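First comes the structure, then the notes that go with it.
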Amino acid sequence: MAATPESVSSFVKSCLEKGIGRSEIAAALEAGGWSVREAQTALEAFAESALPVPVPRKRASSSPRDAFLNLLSIAMLYKAVFATGAILFVLIDRWLPQPGEYALFTLGILRWAAAALIVALPILAAVRIAIGRDIARNPLARMTPIYRFLAYLTLLIAALVMAGDLIAVIISFLAGDITARFVLKALVVLVLCGGVYLWYASDMRREESLGRQGAAGLAAGVPAAPAWRGWLSAAGAALAGLALVAALWLIGNPVLARQLFLDGRRVADLQRLQLSLENYHKRHDALPETLEQLRADPGTYVERTADPVTGAAYGYTRIDPRTYELSATFDQPTPDDEREMWNRDLFFKHRAGFQTFTITVPRGDEKRPEQEPALVPGGVDS
Numbered sequence: 020m021a022a023t024p025e026s027v028s029s030f031v032k033s034c035l036e037k038g039i040g041r042s043e044i045a046a047a048l049e050a051g052g053w054s055v056r057e058a059q060t061a062l063e064a065f066a067e068s069a070l071p072v073p074v075p076r077k078r079a080s081s082s083p084r085d086a087f088l089n090l091l092s093i094a095m096l097y098k099a100v101f102a103t104g105a106i107l108f109v110l111i112d113r114w115l116p117q118p119g120e121y122a123l124f125t126l127g128i129l130r131w132a133a134a135a136l137i138v139a140l141p142i143l144a145a146v147r148i149a150i151g152r153d154i155a156r157n158p159l160a161r162m163t164p165i166y167r168f169l170a171y172l173t174l175l176i177a178a179l180v181m182a183g184d185l186i187a188v189i190i191s192f193l194a195g196d197i198t199a200r201f202v203l204k205a206l207v208v209l210v211l212c213g214g215v216y217l218w219y220a221s222d223m224r225r226e227e228s229l230g231r232q233g234a235a236g237l238a239a240g241v242p243a244a245p246a247w248r249g250w251l252s253a254a255g256a257a258l259a260g261l262a263l264v265a266a267l268w269l270i271g272n273p274v275l276a277r278q279l280f281l282d283g284r285r286v287a288d289l290q291r292l293q294l295s296l297e298n299y300h301k302r303h304d305a306l307p308e309t310l311e312q313l314r315a316d317p318g319t320y321v322e323r324t325a326d327p328v329t330g331a332a333y334g335y336t337r338i339d340p341r342t343y344e345l346s347a348t349f350d351q352p353t354p355d356d357e358r359e360m361w362n363r364d365l366f367f368k369h370r371a372g373f374q375t376f377t378i379t380v381p382r383g384d385e386k387r388p389e390q391e392p393a394l395v396p397g398g399v400d401s
């Protein structure tokens with residue numbers, strides 16, 4: 020509901036003071052180029068009264084509480100929509116993977132999105148309940164300037180995102196580069212932004228209708244929201260909830276995730292040891308007797324030669340001038356998903372427990388041979 024210009028308000032007030040009828044004032048404003056809606060809004064600024072002077076109606080205004088609740092509500096909504104979209108994008112990527120694509124960052128994205136939804140959804144629900152109570156006590160609270168500003172800003176952002184989404188789809192189609200994965204992601208963006216747009220567009224239509232009715236219309240009763248808004252709200256909450264469940268399922272047990280992370284550090288340590296041993300061999304044409312000898316060499320210093328958790332030294336045995344063994348104890352077997360970061364070096368694929376890897380230093384510019392890890396019988400250190 021736009022603010023009435025001061026000149027129009029002064030004109031209407033002066034006319035009412037002189038006893039001119041409202042229909043005549045409206046006709047005069049329309050003759051002066053003002054729209055019917057603007058004329059009605061200007062007249063509604065003054066209540067009908069038997070007093071000889073116009074009585075101004077109370078207008079909706081924003082209190083610090085209104086600003087806090089509405090800003091927090093819109094921020095949590097943005098966070099929930101973005102997190103839901105991020106989870107759906109990851110699900111699409113896992114369902115339709117690109118050749119050679121690793122899932123290095125997907126777990127991190129899922130953890131962030133799940134945490135965002137766990138925090139944002141309850142806060143959003145609580146804030147919306149608080150705003151609903153305020154509106155029940157004072158229907159004018161639904162027309163506060165801060166809410167109208169945020170609602171129209173959200174409509175603008177949603178419209179721009181949807182337009183950009185459709186433009187991207189058309190460009191990909193014209194270029195012949197459209198894929199099922201791309202279409203699904205574009206559909207996710209369209210559904211999420213479209214839902215937000217429909218919700219706030221409906222709210223603004225109701226707000227404008229109530230604004231035209233004025234305080235008398237509000238006193239007669241606030242019209243019920245369209246039934247589809249309830250379905251839209253429930254569908255949005257269900258989609259966010261399902262996305263959260265899917266994210267938590269993919270993330271898995273936090274204890275298992277911690278063990279896999281530590282196993283990844285052990286593999287990284289073994290890889291560094293392998294590179295340092297190869298550099299040592301290039302410098303001395305021989306392998307060191309112990310890892311301490313490797314660390315003592317300034318050109319092949321390696322920072323960590325022990326397990327990051329137990330502190331037990333990694334096993335190292337020199338077999339011949341070019342062949343050696345590295346060993347470590349792992350908490351979990353390497354996951355089967357070849358897209359996970361744990362499987363970037365399949366040579367260090369391992370079982371749970373004590374594991375030994377036999378490695379041969381390549382000759383000159385020779386590439387490292389595709390070796391199979393030497394598994395300790397039983398695979399688990401009992």
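My numbering applies: residue 20 is where the sequence shown begins, and numbers increase by one.
Backbone N, C-alpha and C define an ideal beta-carbon position, used for all residues, glycine too.
Note that the structure is a prediction, hence the values are computed from the model and not measured.
Simplified DSSP assignment, three categories, for residue i
| i | result |
| --- | --- |
| Ile-190 | helix |
| Ala-325 | strand |
| Glu-43 | helix |
| Asn-362 | Note that Asn-362 scores 47 on pLDDT, short of 50, meaning its location in the model is unreliable; the coordinates nonetheless yield the value given after this. Asn-362 falls in the helix class under three-state DSSP. |
| Ala-149 | helix |
| Arg-382 | coil |
| Leu-209 | helix |
| Leu-158 | Note on identity: in this sequence residue 158 is Pro, with Leu being the wrong assignment. If DSSP states are grouped into helix, strand and coil, Pro-158 belongs with the helices. |
| Thr-319 | helix |
| Gln-117 | coil |
| Asp-222 | helix |
| Ile-197 | coil |
| Asp-184 | helix |
| Pro-141 | helix |
| Leu-5 | The displayed coordinates of the chain run from 20 to 401. Any statement about residue 5 would go beyond what the structure contains. |
Residue i - containing beta strand (DSSP E), residue span
| i | result |
| --- | --- |
| Tyr-335 | 334-339 |
| Tyr-343 | 342-349 |
| Thr-379 | 372-379 |
C-alpha gap between residue i and residue j, whole angstroms
| i | j | result |
| --- | --- | --- |
| Ala-253 | Gly-104 | 17 Å |
| Ala-220 | Glu-36 | 38 Å |
| Thr-379 | Arg-337 | 10 Å |
| Asp-52 | Gln-59 | Note on identity: in this sequence residue 52 is Gly, with Asp being the wrong assignment. Near 13 Å, if we compare the C-alpha coordinates of Gln-59 and Gly-52. |
| Arg-382 | Pro-307 | 17 Å |
| Asn-362 | Ala-135 | Residue placement at Asn-362 is poorly supported in this model, since its pLDDT is 47, which falls under 50; the coordinates still yield a value, given next. Each residue's Cα considered, the two are about 29 Å apart. |
| Glu-49 | Arg-167 | 26 Å |
| Leu-143 | Gly-249 | 16 Å |
| Val-138 | Gly-183 | 29 Å |
| Val-27 | Ala-61 | 7 Å |
| Tyr-343 | His-369 | 18 Å |
| Glu-25 | Lys-32 | 10 Å |
| Ala-266 | Leu-107 | 9 Å |
| Leu-169 | Ile-93 | 7 Å |
| Val-274 | Leu-175 | 43 Å |
| Leu-140 | Arg-284 | 35 Å |
| Arg-200 | Val-207 | 11 Å |
| Val-109 | Leu-258 | 15 Å |
| Thr-375 | Asp-350 | 14 Å |
| Gly-214 | Ala-205 | 14 Å |
| Pro-352 | Phe-373 | 11 Å |
| Ala-331 | Val-264 | 38 Å |
Beta carbon proximity, residue i to chain D, threshold 7 Å
| i | result |
| --- | --- |
| Ala-170 | The question asks about chain D, but that chain is absent: this structure has only one protein chain. |
N-terminal and C-terminal residue of the alpha helix (DSSP H) that residue i is part of
| i | result |
| --- | --- |
| Asp-288 | 273-303 |
| Lys-98 | 83-114 |
| Ser-29 | 25-36 |
| Gly-255 | 246-270 |
| Ala-312 | The sequence shown places Gln at residue 312, rather than the Ala named in the question. 310-315 is the extent of the alpha helix (DSSP H) around Gln-312. |
Identified DSSP bridge partners for residue i
| i | result |
| --- | --- |
| Phe-65 | Pro-75 |
Give a yes or no on contact between the region 148-165 and the region 84-93, applying the rule of three or more CB pairs nearer than 8 Å.
Short answer: they touch.
Would you say the region 254-270 touches the region 126-141, given that touching needs at least three Cβ pairs under 8 Å?
Counting C-beta pairs closer than 8 Å gives three or more between the region 254-270 and the region 126-141, which meets the contact rule.
The region 177-192 / the region 101-115 touching (three or more Cβ pairs under 8 Å)
Fewer than three pairs of CB atoms, one per stretch, sit closer than 8 Å, so the region 177-192 makes no contact with the region 101-115.
Please confirm if the region 89-105 is in contact with the region 60-79, defined as three or more CB-CB distances below 8 Å between the two stretches.
The way I'd put it, the region 89-105 doesn't touch the region 60-79; fewer than three beta-carbon pairs between them come closer than 8 Å.
Taking contact to mean 3 or more Cβ pairs, one atom from each stretch, closer than 8 Å, check whether the region 326-333 and the region 285-292 are in contact.
Contact between the region 326-333 and the region 285-292 is present, because at least three Cβ pairs lie under 8 Å.
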